[in-house]
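Student: This is the structure I have questions about; it appears just below.
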Amino acid sequence: MSNVRVRFAPSPTGYLHIGGVRTALFNWLFARHEGGTFVLRIEDTDQDRSTDEAIGIILEGLKWTGLDCDEGPYRQTDRLELYREQAMKLLEEGKAYWCICTPEELETRRKEAQAKGESLKYDGRCREKSLTTPTEPAALRFKSPQDGQTIIDDLIKGKIVFENQVLDDLIILRTNGYPTYNFCVVIDDALMNITHVIRGDDHVNNTPRQVPLFEALGFTVPKFAHLPMILGSDKARLSKRHGATSVLAYQEMGYLPEALINYLVRLGWSHGDQEVFSMDEMVSLFRIDQVQSSAAVFNPEKLLWLNAQYIRNSDPQLVAEQMNSHLQKEGYDEKAYSRIPGGVEALVPPLRERSETLLDMVKGAAPYLAETITIEEGAAKKFLTPAIASSLTKFADRLKMESSFTKEALELVFHGVLEEDGLKMGKLAQPLRVALTGGTVSPGIYEVMGLLGKTRTLDRLRQGIKQAESPTSSSM
RNA sequence: GAUCCCAUCGUCUAGCUUGGCCUAGGACGGCACCCUCUCAAGGUGCAGACACGGGUUCAAAUCCCGUUGGGAUCACCA
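Residue numbers (the working numbering): 46 to 521.
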């Protein structure tokens, strides 16, 4: 195992969203490619917004995607002492100071500055007060360097230069004693020996605030790689407005985790013209420095297409397993499964060719799982006509006599009727389809009969013929 | 407003590092046709982009500068 260590550090303030999964994925791929370690860290120092429920949802989402971590999850609230210790060290060394400006004062000063068109940064008025034991509520601020430059050699974006004079003396310990994000991140990344910080683009501007902190504490500065954002169709940052953004929502909508991951990896990364990647291929081909530096628009249609690809090309048994939980949610039970010769797995080959999601498959499976069907009125009117009744009857009678129920046998019987009655394939297949499935759309007619089995095929055929003979009775 | 980032078909992208192979390739989506028992799938084809303006060069999508446009960040949130 190499010494490469990366981390995914979500804050548990809501569900795990698509952007988070992409960040996790790129970290995971980098770790796996390098033979390194993937650490999961929960950033829950915001007492007001973090919840245990959210942690559970994040873990569940990550599990579904298959992005397994090697260490963690660590929780920052379990590490509070560590942050305070390091903060005190900075104070003792004169690299931090107590600030007694109240949030209200700061807020009004910011507003004034904004009105005058001046910089909004903290004016540093407590910097030289050197308060040792403040008697009023005080926050601890880090003395940011005010001259020179902070240069980041980003693995994705290249060299980024910041003038240190724009840097704020940021608060590292709040009045309530809790450390702040920018401080915890640095301490954790340092203490966890994180070698590469791979995170969203939105953190670029945090980096020059964090680098001096690493340096002040005598830690090695990790390498940085800032991932481009994922945008919605209107080029604004992806949000609920653009549709589902929670990973688990995609699970519910019948997506395969492999498809989602495959879609996400192509957002910002590519390997020639290749569109479909197995996890193994991704791991071996992925290079962090090949990641695109521009933002990408999330395209649900392409995701759907990829999902369809995965549904069609994955191992049928695997697809059946994934479909199972959706079937259960729809209320189908063992009894329903037992009606199909070959069981649920037999549904996969005929249904998956016309399904983009597992939900589509569940929908398509209905006529075969259910005891009875309802024939669509329009379909009955158009296809179950008196004119076709005799041919259907002939087909039913011969089928009954036929001892085998293989596709070949069915085909033979079916074509026999066609020839004798001078019918084209579609003339008989469509009424038959309606009688057997209740609708005009289904897999091939022989597959349909196979999924129903002989008994149910004949039963439904009989009902259909009855309806064809007297079209006035609209339901069975 | 300040700081930073970004810019190839509608969308994801190849090409950009190391200028000529680019008359700019692929994929999704769209359209047309073929196949066909329905619907799909599949096959074939078509339309569709180097944001703009200057340089540098024999040669620029590729290098440089500017403009424009988009985005991110500026909290005792993360």
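All C-beta atoms in this analysis are idealised placements derived from N, C-alpha and C, irrespective of residue type, glycine included.
1) Does the beta-carbon of S518 have 16 or more other beta-carbons within 10 angstroms, so that it is buried, or is it exposed?
2) Less than 8 Å between the C-beta atoms of I103 and I243, yes or no?
3) Which of helix, strand or coil does DSSP assign to C114?
4) Decide if P431 is buried, meaning its Cβ has at least 16 other Cβ atoms within 10 Å, or exposed.
5) Tell me the DSSP secondary structure of D378 in three-state form.
6) Considering only their Cβ atoms, is the gap separating V328 from L107 smaller than 8 Å?
7) Enumerate in chain order the residues of its own chain whose CB-to-CB distance from S520 is below 6 Å, with the five nearest sequence positions on each side excluded.
8) Please identify the residue among P273, H241, K134, R478 whose C-alpha is closest to the C-alpha of T419.
9) In this structure, what does DSSP give as the bridge partners for G387?
10) Find out if the Cβ-Cβ distance for the pair G313, Q337 is shorter than 8 Å.
11) Check Q194 in the structure and name its three-state DSSP category.
12) Out of F83, G111, Y119, which has the shortest C-alpha to C-alpha gap to D89?
13) If you draw a straight line from the alpha carbon of Q121 to that of V364, how long is it in whole angstroms?
14) Going straight from the alpha carbon of E375 to that of L392, what length do you get?
15) Just the C-alpha distance for F322 and Q508, rounded to the nearest angstrom, thanks.
16) First and last residue of the beta strand (DSSP E) that includes V206?
17) S436 and D466: beta carbons closer than 8 Å?
18) Can you give the Cα-Cα distance for A261 and V231, rounded to whole angstroms?
19) H271 and K202: beta carbons closer than 8 Å?
20) Below 8 Å, can you find three or more Cβ-Cβ pairs linking the segment 347-359 to the segment 373-387?
21) Identify, in the order they occur along the chain, each residue of the same chain with its Cβ nearer than 8 Å to the Cβ of E398, setting aside the five sequence neighbours on each side.
22) Out of E514, A158, N72, which one is the CA nearest neighbour of A480?
23) For G111 versus P361, is the C-beta spacing smaller than 8 Å?
24) Compute the distance between the beta-carbons of F264 and I197, then report whether it is under 8 Å.
25) Of the residues E464, K469, R505, which one's Cα is nearest the Cα of G483?
26) In angstroms with no decimal places, state the Cα-to-Cα distance between P57 and A99.
27) Given a threshold of 16 other Cβ atoms within 10 Å of its Cβ, counted over all protein chains shown, does H460 qualify as buried or as exposed?
28) Hey, could you find the ends of the alpha helix (DSSP H) L497 is sitting in?
29) In three-state terms, what does DSSP make of T265?
30) Run through the DSSP bridge pairs and tell me what G245 is partnered with.
31) Just the C-alpha distance for R52 and D247, rounded to the nearest angstrom, thanks.
32) Ignoring anything shorter than 3 residues or poking outside the segment 153-192, list the beta strand (DSSP E) runs there in chain order.
33) Starting from I216 and walking both ways along the beta strand (DSSP E), at which residues does that stretch end?
34) Is the segment 206-222 in contact with the segment 159-175, if contact means three or more CB pairs nearer than 8 Å?
35) List the residues that DSSP assigns as beta-bridge partners of A142.
Tutor: According to the structure shown:
1) Confidence at S518 is low in this model, with a pLDDT of 48, below 50, so its placement is unreliable and the value that follows should be read with caution. Answer is exposed; the Cβ neighbour count stays below 16.
2) Not closer than 8 Å, so no.
3) Annotated three-state conformation of C114 is coil, per DSSP.
4) Answer is exposed; the Cβ neighbour count stays below 16.
5) Coil.
6) Cβ distance not < 8 Å, so L107 and V328 don't count as in contact.
7) Unreliable placement is indicated for S520, whose pLDDT of 45 sits below 50; no coordinate value is reported for it.
8) If we check each option's Cα against that of T419, R478 comes out closest.
9) According to DSSP, which records beta bridges pairwise, G387 is partnered with nothing at all.
10) Between G313 and Q337, the C-beta gap is smaller than 8 Å, which places the two residues in contact.
11) Three-state result, Q194: strand.
12) Relative to the Cα of D89, the nearest Cα in the group F83, G111, Y119 belongs to Y119.
13) C-alpha separation (whole angstroms): 39 Å.
14) The straight-line gap from Cα to Cα measures roughly 16 Å.
15) Here the alpha carbon of F322 sits roughly 48 Å from the alpha carbon of Q508.
16) Counting along the chain, the beta strand (DSSP E) containing V206 begins and ends at 203-208.
17) Cβ atoms of S436 and D466: closer than 8 Å.
18) C-alpha separation (whole angstroms): 11 Å.
19) Yes, the Cβ-Cβ distance between H271 and K202 is below 8 Å.
20) Too few Cβ pairs lie closer than 8 Å, so no.
21) Beyond the five residues adjoining it in sequence on each side, E398 comes within less than 8 Å, by CB distance, of R357, P488 in the same chain, given in chain order.
22) Among E514, A158, N72, the Cα nearest to that of A480 is on E514.
23) Between G111 and P361, the gap from beta carbon to beta carbon reaches 8 Å or more.
24) F264 places its beta carbon 8 Å or farther from that of I197.
25) Nearest of E464, K469, R505 to G483, Cα basis: R505.
26) Going by the C-alpha atoms only, they are around 5 Å apart.
27) The residue is exposed, with fewer than 16 neighbouring Cβ atoms inside 10 Å.
28) That run of the alpha helix (DSSP H) goes 490-514.
29) Coil, per DSSP.
30) Looking at the DSSP output, G245 shares a beta bridge with L272.
31) Each residue's alpha carbon lies about 17 Å from the other.
32) For the segment 153-192, the full-length beta strand (DSSP E) segments reaching 3 residues or more read 184-187 along the chain.
33) First-last of the beta strand (DSSP E) with I216: 216-218.
34) Flag = yes, the segment 206-222 and the segment 159-175 touch.
35) With the sequence shown as reference, residue 142 is identified as Tyr, and Ala is not the correct amino acid for it. Residue pairing by DSSP places Y142 opposite R186 in a beta bridge.
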